[in-house]
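Colleague:
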């Protein structure tokens with residue numbers, strides 16, 4: 029698969045990082061590597077690949093030496109920033125909701141065994157994650173690390189509003205719950221079916237002060253390519269979709285988009301026709317998506333939303349809503 033090398037590199041980098049943090053003496057390192065089947069070449073980085081199974085053994089050995097709550101107790105020491113396209117897209121996402129959508133769609137590029145799913149209910153976004161295979165007890169340390177990493181990313185950018193987040197953990201309250209409270213600094217509940225974040229949609233809609241839309245757009249396109257490979261036509265359509273989705277305060281026209289993509293309007297329409305679509309179709313889908321987000325995540329009136337989307341009057345917007353509803357049905 030096109031992303032296998034980056035996955036193994038991520039696993040290897042994290043495993044070596046943990047060994048460097050907790051194996052600061054020959055005796056400690058020997059204890060961490062017991063049964064992990066990691067060679068000296070793998071440990072030094074001369075041979076990059078370290079299997080996920082070896083990583084899990086190392087994490088279990090850390091639990092034996094430092095206690096089951098080590099991920100939370102040492103969350104600052106073990107924090108690891110992985111500089112890849114996913115990291116870049118998350119860092120420059122326009123808002124937290126978009127970042128969570130990107131994470132859900134492309135998390136497998138780092139960890140093929142991890143899946144994330146979301147649903148929205150009563151103004152809250154539920155983001156749940158687990159491993160595709162293996163039981164939760166065997167993978168607890170790895171999933172605790174994933175949970176901690178996601179929270180640290182959210183907290184890094186949206187810290188002033190972190191009260192809009194609740195963490196749910198799929199096990200009974202442990203004896204190291206104080207370490208968990210200190211690590212997350214937000215409401216925590218135990219006994220859920222899966223690991224989950226429950227996030228207020230108003231927080232999801234807040235703009236990211238660090239966003240760079242051009243960087244974000246390029247990273248998203250690259251993630252699509254890494255995920256399965258896009259044809260030239262699909263690549264162009266996805267590029268245009270990403271540009272449309274990055275516009276939040278008006279309704280763009282074909283001339284504006286053509287200029288942004290550094291081509292003539294005629295070339296834009298020709299390439300879209302070759303891809304089996306049109307600017308009008310893609311714009312309508314973009315307006316529908318933006319309308320749904322504004323209706324769900326904000327307290328704006330229909331008139332205010334209509335203005336943002338470039339409708340001349342509320343009646344035209346109401347007709348569009350009815351048409352989109354009919355399409356869904």
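Residue numbers (the numbering used here): 29 to 357. Cβ coordinates follow ideal geometry from the N, Cα and C atoms, glycine included. Just so you know, these numbers come straight off a predicted model, no measurement behind them.
Tell me which same chain residues have a C-beta within less than 6 Å of the C-beta of residue 341, skipping the five on either side of it?
Modeller: Contacts found: none.
Colleague: Does the count of Cβ pairs from the region 262-276 and the region 291-303 closer than 8 Å reach three?
Modeller: Segments in contact, yes.
Colleague: Spatial neighbours of residue 105 within its chain, please: C-beta separation below 8 Å, excluding the five flanking residues on both sides.
Modeller: Result list for residue 105: 49, in chain order.
Colleague: Can you tell me which of the three DSSP states residue 154 falls into?
Modeller: In the structure shown, residue 154 sits in a strand (DSSP, three-state: E or B).
Colleague: In three-state terms, what does DSSP make of residue 13?
Modeller: With the chain covering 29 to 357 only, the question about residue 13 has no answer from this structure.
Colleague: Using a Cβ-Cβ cutoff of less than 6 Å, which residues in the same chain neighbour residue 135 once the five nearest sequence positions on both sides are dropped?
Modeller: So the list reads 142, 144, once near-sequence residues are dropped.
Colleague: Can you tell me whether residue 356 is buried or exposed? The criterion is at least 16 other CB atoms within 10 Å of its CB, across all chains shown.
Modeller: Looking at its Cβ environment, which holds fewer than 16 other Cβ atoms inside 10 Å, residue 356 is exposed.
Colleague: If I measure Cβ to Cβ from residue 293 and keep anything under 6 Å in the same chain, skipping five residues before and after, which residues do I get?
Modeller: Closer than 6 Å at Cβ, skipping near neighbours: 282, 283, 286.
Colleague: Looking at residue 208 and residue 100, is the spacing between their C-beta atoms short of 8 Å?
Modeller: Going by C-beta atoms, residue 100 is nearer than 8 Å to residue 208.
Colleague: Give the list of continuous alpha helix (DSSP H) stretches no shorter than 4 residues that lie fully inside the region 54-87.
Modeller: Runs found: 54-61, 68-72.
Colleague: Give the DSSP bridge partners of residue 218, in chain order.
Modeller: Beta-bridge pairing links residue 218 to 197.
Colleague: Going by other Cβ atoms of all chains shown within 10 Å of its Cβ, with 16 needed for buried, is residue 271 buried or exposed?
Modeller: By the neighbour-count rule (16 or more Cβ atoms within 10 Å), residue 271 is buried.
Colleague: Whose CA, out of 45, 55, 108, 113, lies closest to the CA of residue 83?
Modeller: Looking at the Cα atoms, 45 is the closest of the given residues.
Colleague: When we look at the beta-carbon of residue 120 and count the other beta-carbons within 10 Å, is it buried (16 or more) or exposed?
Modeller: Residue 120 comes out buried.
Colleague: Can you give me the C-alpha to C-alpha distance between residue 177 and residue 107, rounded to a whole angstrom?
Modeller: So the alpha carbons of these two residues sit roughly 7 Å apart.
Colleague: Check residue 108 in the structure and name its three-state DSSP category.
Modeller: If DSSP states are grouped into helix, strand and coil, residue 108 belongs with coil.
Colleague: Starting from the C-beta of residue 253, find all residues in its chain whose C-beta is less than 6 Å away, skip the five residues before and the five after it, and write them out in chain order.
Modeller: So the list is empty, once near-sequence residues are dropped.
Colleague: When you compare each of 199, 184, 156 to residue 219 by their alpha carbons, which one comes out closest?
Modeller: For residue 219, the nearest C-alpha among the options comes from 199.
Colleague: What do you get for residue 306, buried or exposed, if any count of 16 or more other CB atoms within 10 angstroms of its CB means buried?
Modeller: Per the 10 Å Cβ criterion, exposed.
Colleague: Below 6 Å CB to CB, which residues in the same chain sit around residue 67 once its five sequence neighbours on both sides are set aside?
Modeller: Hits under 6 Å: none found.
Colleague: Determine the DSSP secondary structure at residue 226, reduced to helix, strand or coil.
Modeller: Looking at residue 226 - three-state DSSP - the assignment turns out to be strand.
Colleague: For residue 154, which residues of its own chain have a beta-carbon under 7 Å away from its beta-carbon, when the five flanking residues on both sides are left out?
Modeller: The answer, listed in chain order, is 146, 147, 224, 226.
Colleague: Can you have a look at residue 32 and say buried or exposed, based on whether 16 or more other CB atoms are within 10 angstroms of its CB?
Modeller: Any reading at residue 32 must be qualified, since the residue scores a pLDDT of 42, below 50, and its modelled position is unreliable; the value itself is stated next. Exposed, since its Cβ has fewer than 16 Cβ neighbours within 10 Å.
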